[in-house]
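Heads up, the thing below is written out as structure tokens.
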Amino acid sequence: MYLQIIGILNLLTLSNQFEPVCNKILSKQIHDSLPVNQYILSGQLPVKEGSHSYLAFIFYGSQYASNLQQLNNYNTVLWFNGGPGTSSQLGNYFGLGPLNYNEKEKLEKNQYSWNTRFNMLFVDQPIGVGYSYAYTKDEIPNNLDEIAQQFNYALASFIEKCQLQELSKESKWFFAGESYAGKYIPAIVYDLLKQQEPIVNVQGVILGNPWTEPTAIISEMSSYAFNLGLIDLQERQKLDKILLKTIHNIKNEEFSKVSDNLQTYFTELTRMSGGMNYQNIRKFGSYAKQNQKLESYLNSETVKNLFKFPLAVTFTLTQNEQEKQGDVYLALKDNIGQSDAIQKLEFIVSKFPVLIYNGQNDALCTNSGTQKWINRIHYKERSEFLNQNFDTIQFNNRTIGYKKMVGNLGFAIINDAGHQVPRDKPQELFTIINGFIDKLIEKSISRKIHIFELKTLLLHKSLIYKMETEFTNLVEDGGVKKRILQEGQGEMPIDGSRCKILYKGTLEDGTVFDSSLDKESPYKYRIGKEELIKGFDIALKSMKIGEKAELKITPSYGYGDEGDSFKNVPKNANLTYEIELINFKQAKKKKWEMTPEEKHQEAINKRTKGTAAFKQQNYKEAEKIYKNALSYCTLTTDEGNELKASLQLNLSICCYQLEEYKESLDYAKKALELKTNQQQKLKGLYRKALANIKLAELEEALADLREAFKMDSTNSAVIEELSRVKQLLKEARMKEKEIYSKLFQQKLYDESEIEPKKIEIKEAKSEGSSCCDPNEKIEEETQPKPENKDGQIQEEKPEEREQPKGENQENNNKIVEESATSA
1 MYLQIIGILN LLTLSNQFEP VCNKILSKQI HDSLPVNQYI LSGQLPVKEG SHSYLAFIFY
61 GSQYASNLQQ LNNYNTVLWF NGGPGTSSQL GNYFGLGPLN YNEKEKLEKN QYSWNTRFNM
121 LFVDQPIGVG YSYAYTKDEI PNNLDEIAQQ FNYALASFIE KCQLQELSKE SKWFFAGESY
181 AGKYIPAIVY DLLKQQEPIV NVQGVILGNP WTEPTAIISE MSSYAFNLGL IDLQERQKLD
241 KILLKTIHNI KNEEFSKVSD NLQTYFTELT RMSGGMNYQN IRKFGSYAKQ NQKLESYLNS
301 ETVKNLFKFP LAVTFTLTQN EQEKQGDVYL ALKDNIGQSD AIQKLEFIVS KFPVLIYNGQ
361 NDALCTNSGT QKWINRIHYK ERSEFLNQNF DTIQFNNRTI GYKKMVGNLG FAIINDAGHQ
421 VPRDKPQELF TIINGFIDKL IEKSISRKIH IFELKTLLLH KSLIYKMETE FTNLVEDGGV
481 KKRILQEGQG EMPIDGSRCK ILYKGTLEDG TVFDSSLDKE SPYKYRIGKE ELIKGFDIAL
541 KSMKIGEKAE LKITPSYGYG DEGDSFKNVP KNANLTYEIE LINFKQAKKK KWEMTPEEKH
601 QEAINKRTKG TAAFKQQNYK EAEKIYKNAL SYCTLTTDEG NELKASLQLN LSICCYQLEE
661 YKESLDYAKK ALELKTNQQQ KLKGLYRKAL ANIKLAELEE ALADLREAFK MDSTNSAVIE
721 ELSRVKQLLK EARMKEKEIY SKLFQQKLYD ESEIEPKKIE IKEAKSEGSS CCDPNEKIEE
781 ETQPKPENKD GQIQEEKPEE REQPKGENQE NNNKIVEESA TSA
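For the sequence shown, full-length UniProt numbering assigns the number 823 to the last residue and increments by one with no breaks.
So this is what it looks like as structure tokens:
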């Protein structure tokens, strides 16, 4: 009863706040790093007349605009996240806004923020997402047209209530977003352009890893995972069944089943790949923990009061997780499989430039899936676009991606980024977006449209130069600063890593006090031992191989208040270094230092090495590596047991190849005892049977193969071995019978002492091969063979006897292949 009363009071409180609200926020109250005069707004916007529901927003004026009038000189980007049901604050605090929410759960300045160049508007939409509020569930839209109508009503309210009429006309507006925003944005912009007088001056659309045309995207998912080695052939076949069923549901307009099938697909893909993050295949584990921390921060009273959002609204960052499906996600669940945005996007391309970008490591909206539907877009220069090759995108002397743009349509692939590109590669994305908008401005300048555009372009050029050359703080107190002179590549060293470096240290007056350049070879430096100064350790842990940097180091991170008389460094000296990281060897933790999760990952890495040795037929080495990997398996979860079973199955086949059949049998039994998934059980039964055949335990082998056949009656390896074992058993019993017959003929014993074995005769086997009935008994010959004239049992001629099958070479090949794929 109490909770019901609280709920009613909250509704009454919120219903009184449906009027448009536009609040001015002081920048220094948010963070000290923001410009003192930055123009920042927040508030709530109604979605239709008479409604108590509203959309919430945060607006950051360009950091170079100090008043309302100056905002008009800068382009405006309106950012959406997808989901459906994901707040745009995800993009705001992970890569795009002026502040990043870091792993230490603190805000820090984002040097690659789009806000350094553009006005940025982050809107939580549809109603019920993030800080936005749905008065009733019935008001939450379930289709794109309703989403567009509600949003554009709110946008008009934003312009009016915040007195931004000049901004709406003089600034160029770009609608940008990622994932499910690939459906939102085409619908919203299409609705705007259909108006007699559009609310804002739309000039372009930017879509990142967009979920725009589901059928094309779904059709490429499993091939992407398979081609990158994330799954094996059998796993792909299993996933293909799920995806084919999903596409069938779409064609039959059974849209309610689509999202559930996709959830199943990604759950299976994550399991099969060992816990890979399908939004970025270079990472393991999801973003859930970091997202939850940001959600808690944004849900705090402090933040709500700061931006003047109602305390009664519960902020949610995402609603599309399997275990947390919110009202917005459920309302739009049937829309997920619909291709209702592509025609709207085609209309937009005919009017304005559209840039679509994709992270290279995204297994959800893959590069191939995105290109597949982009190539189907009908517009004026389509044939030229299809024939156009990609150009490389260069930044700081390195390739950060690939692009092509013909007419109003452009596509870019961003290296080493996943589904959330602003989060993974903020600097690279900012560079690409700037290049896209710069071209539009340059075209406008050639047409002499607006003098401020030239100023904006020149300002941007200076910003990029500054971004490439400015120092960044590596510690909070500014004691170690770094400026990158040459970008590096790959991973960064950690404590314990052994680095090869070149360096030169100078004092403030330019005096060189220390240098490795006059030595015959690079200096070998171990991080964590403070072999030179503390600042070196901090700086090196931020560098990549091949990176050159300039360091500014204060006394507390250098030689302190004592200096160094040997190197002629005075007391309290500020130091400058030029340093290059040539190479390093990553330090490895001891097994006892690792967490269970780290041990699990180490076991996966070792399994990969073992599989490589196996493929080279170095079975002894593979066995050694697999045994070592097994010692790291301490996780007792399903994931841990599956890895342990995988290693035991691989050891079983290694021992088999080394003719250690008893050990091969033992490992197969151990794998089966773990009772993991059906695929591993099938492999376990098969490999146990192989070992039993070599150990002459044919009855046990037959039982295992029959059970395996029941699990998968189409598995050719099982079928062949089942047939072979039956033949071997048949021959063994024939020989046994012949021996008994000869003993009776020679009358070495009294016939009454030996009672012939009774043989059960089963009914005739069914049509087809002998392996098609797993319960079929091994046939016995019950009729005595004809005697020759000498009274001896007549032997079959060799050509009359059925020839037993030898060990099939193709089967052996499959054994090798299975071992590799199970790893």
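Virtual Cβ for every residue (Gly too), placed ideally from N, Cα, C.
- Per DSSP, the unbroken beta strand (DSSP E) holding E578 starts and ends at 575-585.
- Nearest neighbour of L298 by Cα position, chosen from V313, L364, R282, turns out to be V313.
- Between F307 and K169, the alpha-carbon positions lie close to 27 angstroms from each other.
- Where G177 is concerned, the enclosing beta strand (DSSP E) starts and stops at 173-178.
- T392 is bridged by DSSP to Y402.
- Remark: C-beta atoms of W373 and A216 approach each other more closely than 8 angstroms.
- Membership of C655 in the alpha helix (DSSP H) is indicated by the continuous run 638-657.
- The beta-bridge partner set that DSSP reports for P46 consists of Y54.
- With fewer than 16 other beta carbons inside 10 angstroms of its own, F566 counts as exposed.
- According to the DSSP assignment, D124 belongs to the beta strand (DSSP E) that extends over 119-124.
- According to the DSSP assignment, N305 belongs to the alpha helix (DSSP H) that extends over 301-307.
- Segment contact: the segment 551-571 against the segment 492-501, fewer than three CB-CB distances shorter than 8 angstroms; contact not assigned.
- Inter-segment contact for the segment 190-209 and the segment 162-176 is present: three or more beta-carbon pairs are separated by less than 8 angstroms.
- DSSP lists K504 as the bridge partner or partners of S515.
- At the C-beta level, I494 and E547 stay beyond 8 angstroms of one another.
- Under the 8 angstroms Cβ criterion, the segment 423-442 counts as touching the segment 382-395, having at least three qualifying pairs.
- With three or more CB-CB distances shorter than 8 angstroms, the segment 683-702 counts as touching the segment 664-673.
- Across the set A613, Y54, I58, Q601, the C-alpha of I58 shows the shortest separation from the C-alpha of V303.
- Here D138 carries a helix assignment [DSSP, helix/strand/coil].
- A distance below 8 angstroms between beta-carbons, with the five flanking residues on each side excluded, links E103 to the following residues of its chain, in chain order: Q290.
- In the assembly as shown, A732 is an exposed residue. Its beta-carbon has fewer than 16 other beta-carbons within 10 Å.
- Between I140 and V328, the beta carbon gap of about 6 angstroms places them in contact (Cβ cut-off 8 angstroms).
- For T611, the uninterrupted alpha helix (DSSP H) segment begins and ends at 596-615.
- At the C-beta level, L551 and K481 come within 8 angstroms of one another.
- Between the segment 182-190 and the segment 207-216, the count of Cβ pairs shorter than 8 angstroms is three or higher; the stretches touch.
- Inclusion of L121 and N110 in the CB contact set at 8 angstroms is not warranted, their separation being larger than that value.
- Y661: member of the alpha helix (DSSP H) spanning 661-673, first to last residue.
- Within 10 angstroms of the beta-carbon of T511 lie fewer than 16 other beta-carbons, which makes it exposed.
- According to the DSSP assignment, Q486 belongs to the beta strand (DSSP E) that extends over 480-486.
- Following the DSSP letters along the chain, one finds Y278 in no alpha helix (DSSP H), marked with neither H nor E.
- Annotated as proximal: N650 and G610, with beta-carbon spacing under 8 angstroms.
- Counting only the Cα atoms, D704 lies some 26 angstroms from I231.
- For V475, the three-state secondary structure derived from DSSP is coil.
- Sequence-distant Cβ neighbours of G285 in its own chain, meaning closer than 8 angstroms and more than five residues away, are G275, N277.
- Boundaries of the beta strand (DSSP E) harbouring R526: 523-526, taken from the DSSP string.
- Taking a 10 Å sphere around the C-beta of I739, we find fewer than 16 other C-beta atoms and assign the residue as exposed.
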